[in-house]
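Asks: Just so you know, the protein sequences line up as chains A and B, in that order. Under my numbering, the residue at position 4 of the first sequence is numbered 4, and the numbers go up by one with no gaps. Take any residue in the second sequence, count from 1 to its spot, add 1000: that is its number in my numbering. Yeah, the Cβ is synthetic: ideal placement off N, Cα and C, and Gly gets one too. Take a look at the following structure, please.
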Amino acid sequence: MKCIIIDDNEVARAAVKHCVEKTPFLTLTGVFTNPIEALEAIKKERPDLLLLDVEMPEMSGIDFIKTFHDIPQVILITSKKDYAAEAFDFNVTDYILKPVEYPRFLKAVTKAKEMQESLKQETPESNELFIKVTNKFVHLNLKDVLMIEALADYVNIYVEKHRYTVLSTMKAIEDKLPKKDFIRVHRSYIVRIDKIKEIDDNTISVGDQNVPISRNMKDPVMSALNKL
Amino acid sequence: MADHTNLSYLYSLADGDMDFVTEILDLMQKNIPVDIADIENAIAMNDIQLVQRMAHRMKSTIQYSDYLDLSELLSVFEKDNSGITIAELKTFLPELKELAENLMSLIEVEKKKIGK
């Protein structure tokens, strides 16, 4: 597992680095003093795991993870218990208190490794999906999909010149889509990232449709784009 | 190390790696004076939030010393919404500096003990 350490304190960085080096399945690809510095490395190296301090002057670890769409796994390392509840709202893998002790560290990173292995089995890599339309299964190339729209117990799947209505929840179809290609922009909309034409304030243009972006998805959507 | 502190967390983490123990002791010696100076400056600037941040950073610096007197005093400096004023914190500064110097001496003793 490739990991990155982000902590503004030199002693803390050295201690976590020592733990990483003791752990055979971890490879350290970067050590950073603040999240802003780490951003480029995260995009370039695509680490599997962030070992992230919570309280840093430039940006807190929790604010940092809020900005991501497709974030690696995160283990928060902090001297305060106060953030635990909020942290788990953002699906962090674990939460370790300072001073870090190796058995606790090992437990947390082992959990991350197990999650990575189970995600590998679950995350669809395929660009194909068969959908049931009336009495037939229809082959869908996910590269052609523009967006998906919730419609009570159904979803509308929009491709270039067609719309399929399929019995499914948004969650069920979202689980079938490659996370690197699709993003949930609103409770009722998932869009294919490379089909986005324009983003204007709180609206995304995909094909000839405009869909809303919910306020809490704005940052993850913007961070998913390759911007200039 | 003397009565107020023990390095059991550090030695436990090091697991026999004395170079790591030395690395952490060196980093503490390097960073403690910087942290103290930054707290002092933040107080001089009358910036309570900066004082809190600097005190928090110093707590991380000394985390493996288990030096409770210093750690508890830093908690006073670090505490958010405690209602404590800069003027009150200023009165604790001499004690903070004395404890920090004491810890620096204890680290030096420890380094000699392990032959570094």
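If we cut at 8 Å on Cβ distances, does B/K1059 have a partner in chain A?
Replies: Yes, B/K1059 counts as interfacial toward chain A.
Asks: Nearest-angstrom Cα distance between B/S1075 and A/R104?
Replies: For B/S1075 and A/R104, the distance between alpha carbons rounds to 24 Å.
Asks: Tell me the residue span of the alpha helix (DSSP H) that contains A/D89.
Replies: A84 to D89
Asks: In three-state DSSP terms, what is A/S205?
Replies: strand
Asks: Using a C-beta cutoff of 8 Å, does A/P47 count as contacting chain B?
Replies: no
Asks: Ordered along the chain, which non-local residues of its own chain (more than five positions away) have a Cβ less than 8 Å from that of B/I1039?
Replies: V1051, M1054, A1055, M1058, F1077, L1093 and L1096
Asks: Please compile the residues from chain A whose C-beta is within a distance smaller than 8 Å of the C-beta of B/I1024.
Replies: V11, A14 and A15
Asks: Please state the DSSP three-state secondary structure of A/K180.
Replies: coil
Asks: Closest to B/N1102 by C-alpha separation, out of B/F1020, B/I1036, B/Q1049 and B/G1016, would be which residue?
Replies: Considering only B/F1020, B/I1036, B/Q1049 and B/G1016, the residue with the shortest C-alpha distance to B/N1102 is B/I1036.
Asks: Within 10 angstroms of the Cβ of A/D70, are there 16 or more other Cβ atoms? Answer buried if so, exposed if not.
Replies: Looking at its Cβ environment, which holds fewer than 16 other Cβ atoms inside 10 Å, A/D70 is exposed.
Asks: Return helix, strand or coil for A/T169, following the three-state DSSP convention.
Replies: coil
Asks: With DSSP run on the structure shown, which of helix, strand or coil describes A/D63?
Replies: helix
Asks: Would you please state the rounded distance, in angstroms, between the beta carbons of A/F68 and A/S223? I believe it to be under 8 Å.
Replies: 6 Å
Asks: Considering Cα atoms alone, identify which of A/D89, A/N156, A/F137 and A/L51 is closest to A/L106.
Replies: Out of A/D89, A/N156, A/F137 and A/L51, A/L51 has the C-alpha closest to the C-alpha of A/L106.
Asks: In angstroms with no decimal places, state the Cα-to-Cα distance between A/P24 and A/I183.
Replies: 34 Å
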